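Trainee: In the numbering used here, the protein residues as written are 1373 to 1595. The beta carbon of each residue, even a glycine, is placed where N, CA and C say it ideally should be. The model shown is predicted, which means the values in this text are computed figures rather than measured ones.
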Amino acid sequence: MKLVKGSLIVSCQARADNPLHGPAFMGAMALAARDGGALGIRANGVADVAAVKAAGLPVIGIDKVFSPDVPVYITPSIAAADGLAAAGADIIAFDCTQRPRKGDAPAEIIRHIRDTLGLEAFADISTLEEGLLAAELGATYISTTLSGYTEYTEPKPDLPDFALIEALASRISVPVVAEGRFNTPELARRALDAGAYAVVVGTMITNPREITKGFARAIAAAQ
């Protein structure tokens, strides 16, 4: 299944320390997102990818493989991509930045996803240069996922990186997916107006703990 132009993709993820961690919860999140109008799901790990398939939507699978001495951990290898494909991912996302990594080079991962697995390659990037290179290497989608989360981009700005979305959309024909800090419907719509093919929203839909923290901080500050 392919991503639909103009669609909302919901990221259903919960870390191990989150009470909602686990495939049963993420599967339920995916069903709720589907019923709310989402047209795609992003999920982490083979168990969660398999669980969210029940929603019947295109699944962007990632596998976060952490290593203490390298910054790249989002699907860093062909082996990780193979596991996601076996779990039922329709699209495989991976870190396509130029940071040090253990595993396989982005070009090799893209080629394996597209030519060997017959799936779509979703490149998570942080800068215009990385996006242009990912397009040149043959990625099916280019996503702004990592803007603000690499050491050479502005650290976690409050707003999404609309400048990057616009720059990519004006330079490449590959669909640009907007992801990162989309916490209101208005910001998501603005991404489409800026040229994004689709928008990924995570925390503000599927992480009630972080949403609650925001309300709690605001109320405490008012006391």
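Compute the distance between the beta-carbons of L1464 and A1458, then report whether it is under 8 Å.
Mentor: Stepping through the sequence shown from its first residue, residue 1464 is reached at position 92. Stepping through the sequence shown from its first residue, residue 1458 is reached at position 86. For the sequence presented, residue 1464 should be read as Ile rather than Leu. Result no, Cβ atoms of I1464 and A1458 do not sit closer than 8 Å.
Trainee: Measure the alpha-carbon distance for R1425 versus R1553 and round it to whole angstroms.
Mentor: The residue labelled residue 1425 in the question sits at position 53 within the sequence shown. The residue labelled residue 1553 in the question sits at position 181 within the sequence shown. The question names Arg, yet the displayed sequence has Lys at residue 1425. Computed Cα separation, rounded: 25 Å.
Trainee: If you follow the alpha helix (DSSP H) that S1542 is in, where does it begin and where does it stop?
Mentor: Counted from its first residue, the sequence shown places residue 1542 at position 170. Segment F1534 to R1543, the alpha helix (DSSP H) holding S1542.
Trainee: By how many angstroms is the C-alpha of A1590 removed from the C-alpha of I1446?
Mentor: Here the question's residue 1446 lines up with position 74 in the sequence shown. Here the question's residue 1590 lines up with position 218 in the sequence shown. Answer to the nearest angstrom: the Cα atoms are 32 Å apart.
Trainee: Measure the C-alpha to C-alpha separation of Q1385 and F1397 and round it to an integer number of angstroms.
Mentor: Numbered from its first residue, the sequence shown carries residue 1385 at position 13. Numbered from its first residue, the sequence shown carries residue 1397 at position 25. If I take the Cα positions, the gap works out to 9 Å.
Trainee: Tell me where the alpha helix (DSSP H) around F1438 begins and ends.
Mentor: Numbered from its first residue, the sequence shown carries residue 1438 at position 66. Counting along the chain, F1438 falls outside any alpha helix (DSSP H), and DSSP gives it neither H nor E.
Trainee: Using the rule of at least 16 other Cβ atoms within 10 Å of the residue's Cβ for burial, across every protein chain shown, is R1543 buried or exposed?
Mentor: The residue labelled residue 1543 in the question sits at position 171 within the sequence shown. Flag for R1543 reads exposed.
Trainee: At 3 residues or longer, and completely inside the region 1444-1529: list those beta strand (DSSP E) runs for me, N to C.
Mentor: Listed in chain order, the complete beta strand (DSSP E) runs (minimum 3 residues) inside the region 1444-1529 are 1463-1467, 1492-1496 and 1513-1515.
Trainee: Starting from N1416, follow its DSSP beta bridges and name the residues at the other end.
Mentor: Sequence index remark: in the sequence shown, residue 1416 carries index 44 (1-based). Looking at the DSSP assignment, N1416 forms a beta bridge with I1434.
Trainee: Determine, using beta carbons only, whether A1400 and I1381 come nearer to each other than 8 Å.
Mentor: Translated into the one-based positions of the sequence shown, residue 1400 becomes position 28. Translated into the one-based positions of the sequence shown, residue 1381 becomes position 9. Not closer than 8 Å, so no.
Trainee: Measuring only the C-alpha atoms, how far is A1570 from S1439?
Mentor: One-based indexing of the sequence shown puts residue 1570 at position 198. One-based indexing of the sequence shown puts residue 1439 at position 67. Cα to Cα, A1570 sits roughly 30 Å from S1439.
Trainee: According to DSSP, is L1559 part of a helix, a strand, or is it coil?
Mentor: Along the sequence shown, one-based indexing puts residue 1559 at 187. Reduced to three states, the DSSP call for L1559 is helix.
Trainee: In the structure shown, what three-state DSSP assignment does A1570 receive?
Mentor: Locating residue 1570 in the sequence shown gives position 198, where the first residue counts as 1. Strand.
Trainee: Three Cβ pairs or more, each shorter than 8 Å: is that satisfied between the region 1509-1529 and the region 1479-1487?
Mentor: The region 1509-1529, when compared against the region 1479-1487, does touch it at the 8 Å Cβ threshold.
Trainee: Please confirm whether T1516 and I1537 have their CB atoms less than 8 Å apart.
Mentor: Along the sequence shown, one-based indexing puts residue 1516 at 144. Along the sequence shown, one-based indexing puts residue 1537 at 165. Yes, they are a contact pair.
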